[in-house]
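Right, one structure below, let's go through it.
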Amino acid sequence: MGEKKNIDIGGLSFAWDLEKGQFSFEGEDAILFWISSAMKTLFDTIEEISGEEAASVVLETTGFRQGLVVGEYFQNMKGVTVFEAAELITDTYASAGWGKTTIKYLNPESKTLSAELKDSWEHKINVAQKKTKGGNFLPAHYAGIFTGLFGTNIWYKVIQHQIEEHECTTVEYFPSNIDITQNIHQLARRKEAQKIEHLQNVVAEKTAELKDLIKKLSSPIIPVLEGIVVVPLIGKYDEDRTEDLIVNTLNNLPKHQANYLVLDLTGLDKELTEYTASLIEKLGAAASLIGTKTILVGISADLGLVISETHIDLSKYDCFQTLQHGIHYALAQSGRSIV
Numbered sequence: 001m002g003e004k005k006n007i008d009i010g011g012l013s014f015a016w017d018l019e020k021g022q023f024s025f026e027g028e029d030a031i032l033f034w035i036s037s038a039m040k041t042l043f044d045t046i047e048e049i050s051g052e053e054a055a056s057v058v059l060e061t062t063g064f065r066q067g068l069v070v071g072e073y074f075q076n077m078k079g080v081t082v083f084e085a086a087e088l089i090t091d092t093y094a095s096a097g098w099g100k101t102t103i104k105y106l107n108p109e110s111k112t113l114s115a116e117l118k119d120s121w122e123h124k125i126n127v128a129q130k131k132t133k134g135g136n137f138l139p140a141h142y143a144g145i146f147t148g149l150f151g152t153n154i155w156y157k158v159i160q161h162q163i164e165e166h167e168c169t170t171v172e173y174f175p176s177n178i179d180i181t182q183n184i185h186q187l188a189r190r191k192e193a194q195k196i197e198h199l200q201n202v203v204a205e206k207t208a209e210l211k212d213l214i215k216k217l218s219s220p221i222i223p224v225l226e227g228i229v230v231v232p233l234i235g236k237y238d239e240d241r242t243e244d245l246i247v248n249t250l251n252n253l254p255k256h257q258a259n260y261l262v263l264d265l266t267g268l269d270k271e272l273t274e275y276t277a278s279l280i281e282k283l284g285a286a287a288s289l290i291g292t293k294t295i296l297v298g299i300s301a302d303l304g305l306v307i308s309e310t311h312i313d314l315s316k317y318d319c320f321q322t323l324q325h326g327i328h329y330a331l332a333q334s335g336r337s338i339v
């Protein structure tokens, strides 16, 4: 222990201080990781926690911002042209194990260029992850570098990825209004839209369940005694509720072998419409077609007045004030009574 070691490779300085557990690259603290294990685990974990789409934006944003620091550093160096800075940066990255990057078609006037990345650490991680599409950390990183060098926002377009069985990853760079902040906002909006869509689906499912429950509760069929079925009418009835009530009732009358259908009008809304009154007539008429007689109960004086004003004749049905009277009448018609 206590051993110190310094090496210069390609004009770049590497230093180790084992006593302090320190590794330096060009005089700055650095750290080494195994690409296909430790770094792969880092990328896998980010994707696991954030999701692949969010992880992609995180890595792209991180790459760009790190590159911006590098680009601004070299841009502030006096006497170093953009061409020289590009060469220094790529040589430095090569010595640090970032792979071989070749800058082509660099035009400071139009602020455009093309870069070829071969055997980069990101490509090796993607291979270890068994991905079929390359990452965007390094493409965005060089966009950040040249944004700093040019003093203008530079964005990128990946022409091909090495992982797609090409010799290298080819990326084109150009001035653009697209930036990482915009991408972050777009991701946030997509996530928000996904959450809204999920909530809408949940609401739709719950609404459908509630409608089904309402149908069952609003059109109950109650077999009170042998041959006698009670159907309470509750609230107001529109076209959908009316159809549900008629269909449900007619389907269940034969099932209960009902000779008498007792319609309890006690729970009807006092603002009885002609539509609701016609429902009573239709339900009674439909029941008679399958041999079931209809009895109306729960008709108060007010309700009777409203019904009379609708000009719908319900006099053909036996009417009683209470449910108890209606059931006793139905039993009596069958030669039975409650003892």
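In full-length UniProt numbering, the protein residues as written are 1 to 339.
Note that beta-carbon positions come from the ideal geometry of N, C-alpha and C, so glycine has one too.
Values in this document were obtained by computation on a predicted structure and should not be read as measured data.
Nearest-angstrom Cβ-Cβ length linking residue 122 and residue 135, presumed shorter than 8 Å: Within the sequence shown, numbered from 1, the residue matching residue 122 stands at position 122. Within the sequence shown, numbered from 1, the residue matching residue 135 stands at position 135. Yes, they are in contact, since the Cβ atoms of residue 122 and residue 135 sit about 5 Å apart, within 8 Å.
Inter-residue spacing [alpha-carbon to alpha-carbon] between residue 26 and residue 101: Locating residue 26 in the sequence shown gives position 26, counting from the first residue. Locating residue 101 in the sequence shown gives position 101, counting from the first residue. It is roughly 19 Å from the alpha-carbon of residue 26 to the alpha-carbon of residue 101.
Beta-carbon proximity of residue 120 to residue 104, cut-off 9 Å: Position 120 of the sequence shown, counting from 1, holds the residue named residue 120. Position 104 of the sequence shown, counting from 1, holds the residue named residue 104. No, the pair does not count as a contact, with Cβ atoms beyond the cut-off.
Exposure label - residue 326; buried when at least 16 CB within 10 Å: Locating residue 326 in the sequence shown gives position 326, counting from the first residue. Classification of residue 326: buried, given that the 10 Å Cβ count is 16 or more.
Residue environment, residue 162, which counts as buried when at least 16 other CB atoms sit within 10 Å: As a working note, residue 162 is residue 162 in the sequence shown. So residue 162 counts as buried.
Contact the region 166-173 vs the region 86-98: 3+ CB pairs below 8 Å: no
Sequence-distant residues of the same chain with beta carbon closer than 7 Å to residue 359, five excluded per side: A question about residue 359 goes unanswered here, because the residues of the chain that appear run from 1 up to 339.
Cβ distance (whole Å) where residue 330 is taken to contact residue 260 below 8 Å: Locating residue 330 in the sequence shown gives position 330, where the first residue counts as 1. Locating residue 260 in the sequence shown gives position 260, where the first residue counts as 1. Confirmed, Cβ separation roughly 4 Å.
Cβ neighbour criterion (16 or more within 10 Å) applied to residue 306: What you label residue 306 is simply residue 306 of the sequence shown in a count that begins at 1. Residue 306 comes out buried.
Straight-line gap, residue 65 to residue 141 (C-alpha atoms, nearest Å): In the sequence shown, the residue the question calls residue 65 occupies position 65. In the sequence shown, the residue the question calls residue 141 occupies position 141. If you take the alpha carbons of residue 65 and residue 141, they lie about 7 Å apart.
Residue 128, DSSP secondary structure in three states: Residue 128 sits at position 128 when you count from the first residue of the sequence shown. Note: residue 128 maps to helix in three-state DSSP.
Environment of residue 207 [buried if 16+ CB atoms lie within 10 Å]: Numbered from its first residue, the sequence shown carries residue 207 at position 207. Per the 10 Å Cβ criterion, exposed.
Rounded C-alpha distance that separates residue 254 from residue 290: Sequence index remark: in the sequence shown, residue 254 carries index 254 (1-based). Sequence index remark: in the sequence shown, residue 290 carries index 290 (1-based). Going by the C-alpha atoms only, they are around 8 Å apart.
Residue burial classification, residue 85 (beta-carbon count within 10 angstroms, cutoff 16): Locating residue 85 in the sequence shown gives position 85, counting from the first residue. Buried is the call here.
Contacts around residue 50, its chain only, beta-carbon distance under 8 Å, and the 5 residues preceding and following it disregarded: Reading the sequence shown from its first residue, position 50 is the one you call residue 50. Taken in chain order, the residues that qualify are 58.
Nearest-angstrom beta carbon gap, residue 222 and residue 283 [assumed within contact, 8 Å]: In the sequence shown, counting from the first residue as 1, residue 283 sits at position 283. In the sequence shown, counting from the first residue as 1, residue 222 sits at position 222. Taking 8 Å as the upper bound for CB-CB distance, residue 283 and residue 222 are not in contact here, some 15 Å apart.
Extent of the continuous alpha helix (DSSP H) run through residue 323: Against the sequence shown, residue 323 aligns to sequence position 323. Where residue 323 is concerned, the enclosing alpha helix (DSSP H) stretches over 323-333.
Rounded separation between residue 126 and residue 156 - CA only: Your numbering for residue 126 matches position 126 in the sequence shown. Your numbering for residue 156 matches position 156 in the sequence shown. C-alpha separation (whole angstroms): 20 Å.
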